[in-house]
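Participant:
In UniProt numbering, the protein residues as written are 1 to 729.
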C-alpha cells in the first residue's frame, strides 16, 4: 500500500475515534456516571485490551495471594469458639458417640450443599452479599442487608468474648494462677476464706467476681467494668488493624490465627492422654446411647449446630469467595472446609473430655478421701459395725472401687438410717455427666482442670491464646461480611469504613462490659441471630433455586468448574434442603415459645446461679433484635415492588463488572438524541450498544461470550448488555 494511503487510513481512523468521543462528550450533564465509566476507545495501532484471564489489565478487586490463604480464611471463619465449647456439650448431652450419626447426616443434607451454594454465588458474581442478591433479584436485595445486620449484632458480643479471653491471657503469666485458690479476707481479729468463694469454687469465684464483677440482675447495670472495657478496646483495635486493608492484611494473619489453634489442640490432646483419668473421660464421651437418637430434640440441635458451625447466612462465606478466580473449584473447597470443621469439632471434643476426665478423677479422689474419713469416724463412734467392712479394705489407701463397694454394703444394711449418715456416692461418671458449655466450660471447668497441670501457667497461656485466635478467625469473616457488601454497593473507602465500623461497635459494645454485661451477651446470643439467619438462608435457597433457576445455576456451575456437579446437589437444593430448613425454623420457633425467656443470674449471697425472667423492657429488646435483623427483607421488597426509588436518578446506576472492575452505567439516558428522533421517552429506549466501535479486537483474538451465563458473563465484561437484571443500588 502506498505511503499516502496509510496516512489517509490513519486520518479516517482518527475521525471515527473522534466521532465516538464527540458522541460521549455530548451526553447530558446528568450522565456523569456514564461518561466516567470504564469504556475504552483504542487506536487500531495500539495494543488492544484483552479482558480475558491472563490479560495485563489491572484487576481492581483484591484477590487471594494463594489457594492456601483462602482455605485458611474459610476454615478460620467456620471453626470458632462453638467448636470448642458447644460441640462437646451437645455430644455429651445427646448420646455421646451416637450424636455423630445425626450430625454427619445433616452435614451432608444441609451443611455441605448450602455451604457450596454460598461459595458458588460469591465466586460467580464476585460481590458481597448485598450485590449478590441484588443481582439475582433486586426485590430480594434485602437478604444481603439482613446478613449485614446479623453480622453486626454478632460482632458486638463476639468480640466481648475475645476481650474476656485477653483478660485471662494477661492474668496467666503468674505462678500460682490467680484462680488457683480462694482469696483470704482479713479483719481486725482473724483471717478467713472469702464466703462467696468457699460456697462455690476458686475458678467460679474468679470468673464471676474478679473478672466480671457481675451484678445480681439485668436491671442492675452497676457501671462499667474498667478491666473488661480495656480488653474490649484491645480486641477491637486488633480486629481493626487486621481488617483495615481487607484480605491483603487479614489474609496474612490467617496463617497464624487459623493454624495455631490446631497446634494447641494437639498439644493439649497429647498432654491430656498422659493424665490420670483422661481415658475415662474419652470413654464416657464416645459411649453411644442409641436410644437418644430417636428423640427429635437431638436432630434439631444437630441441625442447628451444623448450620452455625459453617457460618451460613452471615455473608462472610460469600465475601471471602468473591475474591476468588472465577474458575476456582469451589465444590472441592466446600467439601474440604466442611470436613475440616467436623474433624476439628471431634478433636476439640477429645481434648475437652480428656481434660475433664482428669478433673473428674481428681474430684472423685477427694470425694473418696473425705467420705472414707467419715466412715472411720462412724466406726469409732459405733454408728457402724466393723463387721460390715470387708477385710481387704484399707482406708489409708482406699481406691474408688473399694470405696463404692463399702458404700453399697452400708446402704443395704443401714437402709432406713442411711441418709442421716451423710455419705456420698463417689463415681467418676456422675462428675462427667455434669454437662457444661460456653463460658462455663472455658472459663470455669477447663480453667480449674489446668490448675492441676504441671507448669499450669504455660498451659493457661496457650489455652487462652488459642481462644483469642479462634475468636479472631471468626471475627475476620464476620466483619468481612459487613465491609465487603457495603464497599461493593456504596463505593466507600474500605479503610475509612473499617475504622468507623469498629469505633461504632466498640461504643455500642460498652453495654457488654457493664457489671450486668454478661446477661446482655446471653440475650444477644439467644435472640439476635438464630431465627433471622434461618430465614436468610431459606430466602437464599429460594432466590437461587426458584428465581434465578436451578437449571441455569447448574449450567453456571458447569461453566465455572469445568464439569457438571453431581445431581445430588440438584435434589438437595430443590427439595431436601428447603424442607429441612423450614422444619428447623418451625422447631426453633416452637422451642423458643416453650422455653421461658430469661437468663441465669449469679446471686452473691448463695454463690449460685438463679433463673430470672426478662423484664418488660428486656423482652422488647429481644423482640427488637429479631425484627431489626430481618426487617431489611420486607423493606427492600416493598421499595422495589412499589418503585419507591426513582431508578432514573443519576445516583442510582446499574452495576456491571469487568474482570473485577465495577462499571457504573446510567439506567436511563434522559435527553438522548435517539429518543428525541424516534419520539420515545427515555425509559422506552434501550441502553446504547457501542459494540465493535468501542471494543476493537485484533485479528485472531478470542471472541468474548458476553451472555449472562457465558464463560465471561459475570465478573468480566457485561457493560454492553441492556437487559441484565443488575442491582439498582
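All C-beta atoms in this analysis are idealised placements derived from N, C-alpha and C, irrespective of residue type, glycine included.
#1: Check whether the Cβ of residue 337 sits closer than 6 Å to any heavy atom of the ligand COA, and report yes or no.
#2: Tell me where the alpha helix (DSSP H) around residue 83 begins and ends.
#3: Which runs of the alpha helix (DSSP H) at least 4 residues long sit entirely within the stretch 501 to 583? Give them in chain order.
#4: Would you tell me roughly how many angstroms separate the C-alpha atoms of residue 206 and residue 179, rounded to the nearest one?
#5: Have a look at residue 294 and residue 370 and give me their C-alpha separation to the nearest angstrom.
#6: Spell out the partners DSSP gives residue 129 in its beta bridges.
#7: Ends of the alpha helix (DSSP H) at residue 192?
#8: Check for me: the alpha helix (DSSP H) holding residue 442 runs from which residue to which?
#9: With the cut-off set at 7 Å, would you say residue 345 and residue 87 are in Cβ contact?
#10: Tell me residue 612's beta-bridge partners as DSSP assigns them.
#11: Among 471, 217 and 523, which has the Cα closest to the Cα of residue 256?
#12: Which of helix, strand or coil does DSSP assign to residue 9?
#13: If I'm right that residue 350 touches residue 282 with Cβ under 8 Å, what's the distance once you round it to whole angstroms?
#14: Does DSSP put residue 631 in a helix, in a strand, or in coil?
#15: Between which residues of its own chain and residue 545 is the CB-CB distance below 6 Å, once the five residues before and five after are set aside?
#16: Which whole-angstrom value describes the C-beta separation of residue 410 and residue 388, a residue pair presumed to lie in contact below a C-beta threshold of 8 Å?
#17: So, for residue 165: in the same chain, excluding its five sequence neighbours on each side, which residues have a beta-carbon less than 6 Å away from its beta-carbon?
#18: Here's the rule I'm using: 16 or more other beta-carbon atoms within 10 Å means buried, otherwise exposed. How should residue 730 be labelled?
#19: Report yes or no: do three or more beta-carbon pairs, one from the stretch 501 to 517 and one from the stretch 136 to 145, lie closer than 8 Å?
#20: If we count the other Cβ atoms within 10 Å of its Cβ and call it buried at 16 or more, is residue 160 buried or exposed?
#21: Cα-Cα, which of 382, 333 and 231 is closest to residue 158?
#22: Nearest to residue 297 by alpha carbon, out of 220, 289 and 591?
#23: So, do the stretch 202 to 222 and the stretch 480 to 497 have three or more beta carbon pairs nearer to each other than 8 Å?
#24: Give me the Cα-Cα distance between residue 636 and residue 543, rounded to the nearest whole angstrom.
#25: Round the Cβ separation of residue 251 and residue 73 to the nearest angstrom and send it over; I've been treating them as touching at under 8 Å.
#26: Which class does residue 344 belong to by DSSP, given the choice of helix, strand or coil?
#27: Answer with buried or exposed for residue 734, where buried requires no fewer than 16 other C-beta atoms within 10 angstroms of its C-beta.
#28: Going by the beta-carbon positions, is the gap between residue 111 and residue 306 smaller than 7 Å?
#29: Compare the C-alpha of residue 354 against each of 278, 154 and 486 and name the closest.
#30: Considering only the beta carbon of each residue, do residue 76 and residue 238 sit closer than 7 Å?
#31: Report all residues from its chain with a CB closer than 8 Å to the CB of residue 337; omit the five preceding and five following residues, and keep chain order.
#32: Would residue 289 and residue 96 be called neighbours here (beta carbons separated by less than 7 Å)?
#33: DSSP beta-bridge partners for residue 184?
#34: Would you kindly check if the distance between the Cβ of residue 130 and the Cβ of residue 144 is under 7 Å?
#35: Per DSSP, what kind of secondary structure is residue 235 in: helix, strand or coil?
#36: What separation, rounded to the nearest whole angstrom, lies between the Cα atoms of residue 185 and residue 201?
Facilitator: For this structure:
#1: Although the ligand COA was asked about, the structure shown includes no ligands whatsoever.
#2: Unbroken alpha helix (DSSP H) run through residue 83: 81 to 85.
#3: 517 to 527, 530 to 542, 550 to 561 and 567 to 571
#4: About 6 Å.
#5: 41 Å
#6: Its beta-bridge partners do not exist; DSSP assigns none.
#7: Note, residue 192: premise wrong, no alpha helix (DSSP H); beta strand (DSSP E) at 191 to 193.
#8: Unbroken run through residue 442: none, as it is neither H nor E.
#9: Yes, the pair counts as a contact, with Cβ atoms nearer than the cut-off.
#10: 599
#11: 471
#12: Unreliable positioning characterises residue 9 in this predicted model, as indicated by a pLDDT of 49, which lies under 50. The coordinate reading is nonetheless provided below. Of the three classes helix, strand and coil, the one that applies to residue 9 here is helix, per DSSP.
#13: 6 Å
#14: Coil.
#15: 573 and 574
#16: 6 Å
#17: Here the set comprises 464, 467 and 468.
#18: The structure shown has nothing for residue 730, since the chain only spans 1 to 729.
#19: As far as the Cβ criterion goes, the stretch 501 to 517 does not touch the stretch 136 to 145, which means the pair count is below three.
#20: Counting of Cβ neighbours within 10 angstroms places residue 160 among the buried residues, the total reaching 16 or more.
#21: 231
#22: 591
#23: No, the stretch 202 to 222 is not in contact with the stretch 480 to 497.
#24: 14 Å
#25: 6 Å
#26: helix
#27: No statement about residue 734 is possible, as the shown extent of the chain runs from 1 to 729 and does not include it.
#28: yes
#29: 278
#30: no
#31: 71, 74, 75, 78, 115 and 310
#32: yes
#33: 193
#34: yes
#35: Assignment of residue 235 by DSSP, reduced to helix, strand and coil, places it in the helix class.
#36: 16 Å
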